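Asks: According to our numbering, the sequence shown is numbered sequentially starting from 3.
The beta-carbon is built from N, C-alpha and C at its ideal position, and this holds for glycine as well.
Predicted, not measured: the structure shown is a model, and the values here were computed from it.
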Amino acid sequence: MGKFLERHFSLVFFLPVAVLSVLLIIYPMLYGIYVSFFDTNLVNKWNFVGTKNYQALISNAAFRNSLSVNFKFILIVVAGHFVIGTILATILNKNIRGRVFFRCILMLPWLIPEVVFAVLFKWILNPQYGIINYTLMNLGVLSDPISWLGSVNTALPIVAIICIIKGYPFVMIMVLSALQTVPQDIYEASQVDGCSRIKAFWHITVPSILPVLAVAFILDTVNWFKHYTMVNLLTGGGPANSTSLVSVTIYKTAFGSFKFGLAGAMAVVVFIICYIMSWIYRRLTDEKS
């Protein structure tokens, strides 16, 4: 028995992770795929419909709208994460006074729970007693309060900005960790050759941290493509479905309309889209590398 444990000691650490992965990831995913082929209430109604749920998505206006909203949302949020995260990481990578303190402060949005973050901003943006309207009206910028989260024109941009503030620390830390692995003697040699800081950034820094940027991009895109919590708490997908992400639409379809099969088909399509995006971006970065 002792020799067996000695030979297979790694299994002691691997098995718990494998069991949890099966229970929390693989089984729910397979069950969702299974449900997508049925018209079901998950209790006593299981009518096999084949691919009809997937065919129904083609003419489902709510799903098409949510995909459109989702891609707009992702474009704004991920771009914001990388612009802000990269700039802050570059600054924090320099030997400035109070660097550790600023790292801790800038990490706070990532550490605050999503529910708390959403409720906080919902209070800040409240049209009646929110601090944003109060400040802008006192400064004379606004004459009447604005419902930032209740207007079709402002809801999606405002939600995206809130999500940028919440998520930029992830990209910042990823980029910062990558920057610290780039040898400083390369920069010193480039300065001797008369290379400017901008050229050094594009020709030395970016190629050196490109693998980390690729991983950060994939993780950030997939994470926010399927995001649900903050958007649902801030707007519930409204007004007029202007912030109805795919995740919100899936939830409403399953637990609002009780069309679990159709919701399962939506979830499978979202999984495929996320996988394709990850695969394409990974191939592009591999070719550049």
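(1) Compute the beta-carbon to beta-carbon distance between residue 86 and residue 166, rounded to the nearest angstrom, for a pair I have assumed lies under 8 Å.
(2) Which partner residues of residue 42 appear in the DSSP bridge assignment?
(3) Between the C-alpha atoms of residue 50 and residue 262, what's the straight-line distance to the nearest angstrom?
(4) Out of 244, 96 and 230, which has the shortest C-alpha to C-alpha gap to residue 154?
(5) Helix, strand or coil: how does DSSP classify residue 228 here?
(6) Classify residue 147 as helix, strand or coil using the three-state DSSP reduction.
(7) Quick check: residue 177 and residue 210, are their CB atoms within less than 7 Å of each other?
(8) Can we say the stretch 245-256 touches the stretch 222-233, given the rule of at least three CB pairs closer than 8 Å?
(9) Kindly indicate the opening and closing residues of the alpha helix (DSSP H) around residue 111.
(10) Using CA atoms only, rank isn't needed, just tell me which of 268, 277, 278 and 196 is closest to residue 59.
(11) Have a look at residue 240 and residue 119 and give me their C-alpha separation to the nearest angstrom.
(12) My parser needs the alpha helix (DSSP H) runs of 4 or more residues fully inside the stretch 118-166; what are they?
(13) Measure the C-alpha to C-alpha separation of residue 264 and residue 33 and round it to an integer number of angstroms.
(14) Please report how far the alpha carbon of residue 125 lies from the alpha carbon of residue 75, in whole angstroms.
(15) Look at residue 207 and residue 80 and say whether their C-beta atoms are less than 7 Å apart.
(16) Applying the criterion that 16 or more other CB atoms from any shown protein chain within 10 Å of the CB defines a buried residue, is residue 23 buried or exposed?
(17) Hey, how far is the Cα of residue 214 from the Cα of residue 42?
(18) Alpha carbons only, please: which of 31, 54 and 29 is nearest the one belonging to residue 40?
(19) Can you grab the Cα-Cα spacing for the pair residue 219 / residue 128, in whole Å?
(20) Measure the alpha-carbon distance for residue 237 versus residue 202 and round it to whole angstroms.
(21) Can you tell me whether DSSP reads residue 267 as helix, strand or coil?
(22) Going along the chain, which residues of its own chain have a beta-carbon closer than 8 Å to the beta-carbon of residue 52, five neighbours each way excluded?
(23) Is the beta carbon of residue 78 closer than 7 Å to that of residue 162?
(24) Could you round the C-beta distance between residue 97 and residue 182 to whole angstroms and report it? I think they count as a contact, below 8 Å.
(25) Do residue 112 and residue 171 come within 7 Å of each other at the CB atom, strictly closer than that value?
(26) So residue 258 is in the alpha helix (DSSP H); what residue range does that whole segment cover?
(27) For residue 87, does the three-state DSSP call read helix, strand or coil?
(28) Can you tell which of 93, 115 and 84 has the C-alpha that lies nearest to the C-alpha of residue 105?
Replies: On the basis of the coordinates in this document:
(1) 7 Å
(2) BP columns for residue 42 point to 48.
(3) Per the coordinates, the alpha-carbon of residue 50 lies some 13 Å from the alpha-carbon of residue 262.
(4) 244
(5) coil
(6) Three-state DSSP puts residue 147 in coil, outside helix and strand.
(7) no
(8) yes
(9) 101-113
(10) 268
(11) 19 Å
(12) DSSP runs (the alpha helix (DSSP H)) wholly in the stretch 118-166: 133-140.
(13) 13 Å
(14) 22 Å
(15) The Cβ atoms of residue 207 and residue 80 lie no closer than 7 Å to each other.
(16) exposed
(17) Taking the Cα positions, residue 214 is about 43 Å away from residue 42.
(18) 54
(19) Taking the straight line joining both Cα atoms gives about 33 Å.
(20) Computed Cα separation, rounded: 43 Å.
(21) Helix.
(22) 39
(23) yes
(24) Contact between residue 97 and residue 182 does not hold, since the beta-carbon distance rounds to 12 Å and is not under 8 Å.
(25) Yes, Cβ-Cβ distance for residue 171 and residue 112 is below 7 Å.
(26) Where residue 258 is concerned, there is no enclosing alpha helix (DSSP H), given that its DSSP letter is neither H nor E.
(27) helix
(28) Relative to the Cα of residue 105, the nearest Cα in the group 93, 115 and 84 belongs to 93.
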